[in-house]
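Q: I'd like to ask some things about the structure below.
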Amino acid sequence: MREISEWLPVFLSFYPVLHKRVPTIVYGSQIIAVTKGIDVSSKDIDLLCPGATLKAIEEAYVESSGREEMRLELIRSRRGHVFTLYYPLGERPIPIEIFTTTPLGDPLSAFPDHVIDVSRWGIDFISLTVEAYAVLEAARGIRPISVERLRRIKIEWSEVEKLGEKFGLRDKVLCLRKMVESGE
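Written out as C-alpha cells, the structure reads:
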C-alpha cells in the first residue's frame, strides 16, 4: 500500500493532462480522497476513461512525467480495456490503472446521477460519488479494506440501496452496510 503522500503527487500531475485529452473520471479509492478529502492508502491509482486511447495515455504520460520511455500493459476483455501504466517513482513505480468501463457498465449510463464535479487541491475533477463507489465495492466482493475505508466517511445508504436494487445487488449492499455500521 502507498500512503497518499506517495500517490497524490503522481495523481495530481497525471489526471489533468489525461483529462484534457479525453474525459477522465476519478475511480477506486481515489474517489474517497477526492470527494471527501480523506487520506487513503492505495496500491495504485484508478481512473475511469471510457474513451481512453493508447495515444492519449502516451501523450499524457510524456507531458506529466517528462519521460519518453514508458511501461504500459493492456488487458482486453469482453467488458472493456484496462491499461496499466507504471509511473516512475523512485525505485518502485506506481501503477495507474485506466479502466474503460466498470463491472456494472459504462459509468455515464450506469451512474448518471453519480458522476460529479469536484474541486480539490486546486484541480477540477470529475468523480463518481462515494455511493457509486460503495455499490461497485459490493459488486466486486466485500473486502476488509473497503469496509475500513467506508467507515471513515458519511454515506447516503438509502442512495446506495437504491443503486444496489437497480443492479440486482440488494443483498450484497445490505451486507456491506451492516459490516460498515457494525464495526465487524
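For the sequence shown, this note's numbering puts the final residue at 186, and the numbers step up evenly by one.
Each residue gets a CB set at the ideal place from its N, CA and C atoms; glycine is no exception.
Looking at the secondary structure, which residues open and close the alpha helix (DSSP H) in which Thr86 lies?
A: Locating residue 86 in the sequence shown gives position 84, counting from the first residue. Here Thr86 belongs to no alpha helix (DSSP H); instead the beta strand (DSSP E) covers His83 to Tyr89.
Q: From the DSSP output, in three-state form, read off Pro114 for me.
A: Residue numbering aside, residue 114 sits at position 112 when the sequence shown is read from its first letter. Pro114 falls in the coil class under three-state DSSP.
Q: With a threshold of 6 angstroms on Cβ separation, who are the neighbours of Met72 within its own chain once the five nearest residues in sequence on each side are excluded?
A: Within the sequence shown, the letter at position 70 stands for residue 72. Short of 6 angstroms from the beta carbon of Met72, and not among the five residues preceding or following it, lie these beta carbons of its own chain, in chain order: Tyr63.
Q: In three-state DSSP terms, what is Gly166?
A: Stepping through the sequence shown from its first residue, residue 166 is reached at position 164. DSSP places Gly166 in helix when its eight states are reduced to three.
Q: Based on DSSP bridge pairs, tell me the residues matched to Gly125.
A: Along the sequence shown, read from residue 1 onward, the residue named residue 125 stands at position 123. It is worth fixing the name first, because residue 125 is Ile in this sequence and not Gly. Arg122.
Q: By Cβ distance below 8 angstroms, which residues in the same chain neighbour Lys174 in space, the five residues on each side in sequence not counted?
A: Residue 174 sits at position 172 when you count from the first residue of the sequence shown. Only Ala140, Ala141, Ile144 and Gly166 meet the Cβ criterion.
Q: With distances taken Cα to Cα, identify the nearest neighbour of Ile125 among Ser44, Glu8, Leu20 and Met3.
A: Numbered from 1 along the sequence shown, position 123 holds the residue referred to as residue 125. Checked all of Ser44, Glu8, Leu20 and Met3; the closest Cα to Ile125 is Leu20.
Q: Note down the Cα distance separating Glu99 from Ser121, rounded to an integer number of angstroms.
A: As a first step, residue 99 is located in the sequence shown; it is residue number 97 there, counting from the start. As a first step, residue 121 is located in the sequence shown; it is residue number 119 there, counting from the start. Their Cα atoms are separated by approximately 22 angstroms.
Q: Tell me the residue span of the beta strand (DSSP E) that contains Ile96.
A: In the sequence shown, the residue the question calls residue 96 occupies position 94. First-last of the beta strand (DSSP E) with Ile96: Ile96 to Phe101.
Q: If we call anything under 8 angstroms between Cβ atoms a contact, is Ala54 one with Phe13?
A: Stepping through the sequence shown from its first residue, residue 54 is reached at position 52. Stepping through the sequence shown from its first residue, residue 13 is reached at position 11. Their beta carbons are not under 8 angstroms apart, which means Ala54 does not touch Phe13 by this criterion.
Q: List the whole-angstrom C-beta distance separating Thr103 from Pro52, where the pair is believed to meet the contact cut-off of C-beta under 8 angstroms.
A: Your numbering for residue 103 matches position 101 in the sequence shown. Your numbering for residue 52 matches position 50 in the sequence shown. Taking a contact as a CB-CB distance under 8 angstroms, the pair Thr103 and Pro52 counts as one, their CB atoms being some 6 angstroms apart.
Q: Just the Cα atoms here: how many angstroms apart are Lys164 and Asp41?
A: Mapped onto the sequence shown, residue 164 falls at position 162. Mapped onto the sequence shown, residue 41 falls at position 39. In a straight line, the C-alpha of Lys164 is about 28 angstroms away from that of Asp41.
Q: Identify the continuous beta strand (DSSP E) that holds Asp48 and give its terminal residues.
A: What you label residue 48 is simply residue 46 of the sequence shown in a count that begins at 1. In the DSSP assignment, Asp48 falls within the beta strand (DSSP E) that extends over Ile47 to Leu50.
Q: If Val117 sits next to Leu106, beta carbons under 8 angstroms apart, how far is it from one beta carbon to the other, in whole angstroms?
A: As a position in the sequence shown, residue 117 is number 115, starting the count at 1. As a position in the sequence shown, residue 106 is number 104, starting the count at 1. Actually they do not touch by this definition, with Cβ atoms about 13 angstroms apart.
Q: According to DSSP, what are the bridge partners of Gly2?
A: What is shown of the chain runs 3 to 186, which leaves residue 2 out entirely.
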